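Heads up: the sequence lines are chains A and B, in that order.
Residue 110, in full-length UniProt numbering, is where the first sequence stops; the numbers in between run on with no holes.
Residue 110, in full-length UniProt numbering, is where the second sequence stops; the numbers in between run on with no holes.
There are 2 protein chains.
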Amino acid sequence: MNVEYKNKWISQLKKGTLSFIVLNILNKDKEYYGYDLISEIKRITDIDIAEGTLYPLLIRLKNENLVEHNWVEQQSGIPRKYYKITKEGKSTIAQMKAYWDNLNQTINSI
Amino acid sequence: MNVEYKNKWISQLKKGTLSFIVLNILNKDKEYYGYDLISEIKRITDIDIAEGTLYPLLIRLKNENLVEHNWVEQQSGIPRKYYKITKEGKSTIAQMKAYWDNLNQTINSI
DNA sequence: ATACATACATTGTTATACTATGTATTTTGT
DNA sequence: ACAAAATACATAGTATAACAATGTATGTAT
């Protein structure tokens, strides 16, 4: 087994799957803030995501109008940027899901 | 629907899935040459792969000892580089497959 | 006081897909 | 016969995204 290659592959695989996972989570219609999403993704998928990966990702999704955010001040501590999915985000993730399912089926049939 | 984002996403998704697809195809224990793999992938997955994508990918897989190749002269035309999977390739793709299946299940459960 | 956790963010590096281009041979269309 | 397309390999330059490292600021625990 080429462990190094597998690890490099997992890192590359994230380049498509991370945004997919984030949108799927937000598609549950619950609002999440960035720091929270990191632990939620870790909890669900056991995947560790660096903050330097997630924050730019959320900014990209925002720029593409797939998500929106609002700052929420806390009684104590740093204000949080809560993200929620947009209508455009919902229709886009539906298409992505269809593509993903089809790809998965195809690969399983090889 | 954000079509541009979806297309960009598909391109990013390939960064993990292409090598996975190629190794899965070679794992059938048939030998393929590069140009042939492009049409085989198109046939199976309907994904268009540029030659400038596949040839460097095969070279990387070779450098990682996941595949090996031998030149085969043709009665007419340009000689072909036939690739086949190695033992290390087989054990690695098995691990990748396990990771992929688990990831797919996780995403479906969100 | 010091370290750790929370919560945001940016910079530089690395890996990979894609476009464009190059070389050479053979086949197909007109 | 000639041009275009297909076959079959390859490399160079560009764009994108993950990751490590670092930064800012606040709050909590030892």
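No residue lacks a Cβ here, since even glycine has one placed at the ideal position from N, Cα and C.
Every value quoted in this text rests on a predicted model; they were computed, and no experiment measured them.
With DSSP run on the structure shown, which of helix, strand or coil describes residue i?
i: B:I107; result: helix
i: B:I14; result: The sequence as given places Lys at residue 14 of chain B; Ile does not occur at that position. Residue state, collapsed to three classes: helix.
i: B:S39; result: helix
i: A:A50; result: coil
i: B:N102; result: helix
i: A:Q95; result: helix
i: A:S76; result: coil
i: B:N2; result: coil
i: B:N7; result: helix
i: B:N63; result: helix
i: B:N27; result: coil
Which partner residues does residue i have in the DSSP bridge list?
i: B:E68; result: B:K84
i: B:Y55; result: None; B:Y55 has no bridge partner.
i: A:Y32; result: A:Y83
By the 10 Å Cβ neighbour count, where 16 or more other Cβ atoms means buried, how is residue i classified, buried or exposed?
i: A:Q74; result: exposed
i: A:V72; result: exposed
i: A:Q12; result: buried
i: A:N24; result: buried
i: B:K14; result: buried
i: A:E64; result: buried
i: A:S52; result: Reading the sequence as shown, one finds Gly at residue 52 of chain A and not Ser. Per the 10 Å Cβ criterion, exposed.
i: B:G77; result: exposed
i: residue 123 of chain A; result: The structure shown does not extend to residue 123 of chain A, since chain A is modelled only from 1 through 110, so no value can be given for it.
i: B:S39; result: exposed
For a contact defined as C-beta to C-beta under 8 Å, what are the partners of residue i on chain B?
i: A:L54; result: Neighbours of A:L54 on chain B: none; closest Cβ ~15 Å, over 8 Å.
i: A:E88; result: M1 and N2
Run through chain B and tell me which residues come within less than 9 Å of residue i, C-beta to C-beta.
i: A:Y99; result: K6, W9, I10 and L13
i: A:G16; result: W9, I10, S11, Q12, L13, K14, K15, G16 and T17
Cβ closer than 7 Å: which chain A residues qualify as neighbours of residue i?
i: B:L66; result: N2 and Y5
i: B:N104; result: N104
Just to confirm, does residue i get its C-beta within under 7 Å of one of the non-hydrogen atoms of the ligand PLP?
i: B:S76; result: Ligands are entirely absent from the displayed structure, and the ligand PLP is therefore not among its contents.
Can you pull the chain B residues whose beta carbon is under 7 Å from the beta carbon of residue i, in chain order?
i: A:I21; result: I107
i: A:I44; result: T106 and I110
Can you name the residues of chain A whose CB is closer than 8 Å to the CB of residue i?
i: B:N24; result: I107 and I110
i: B:Q95; result: M1 and K6
I want to verify the contact list: residues of chain A whose CB lies under 9 Å from the CB of residue i, in sequence order.
i: B:S91; result: M1 and N2
Cβ pair count under 8 Å reaching 3, the segment 83-93 of chain A against the segment 2-17 of chain B: yes
Inter-stretch contact at 8 Å, needing at least 3 Cβ pairs: the segment 29-42 of chain B / the segment 74-87 of chain B: yes
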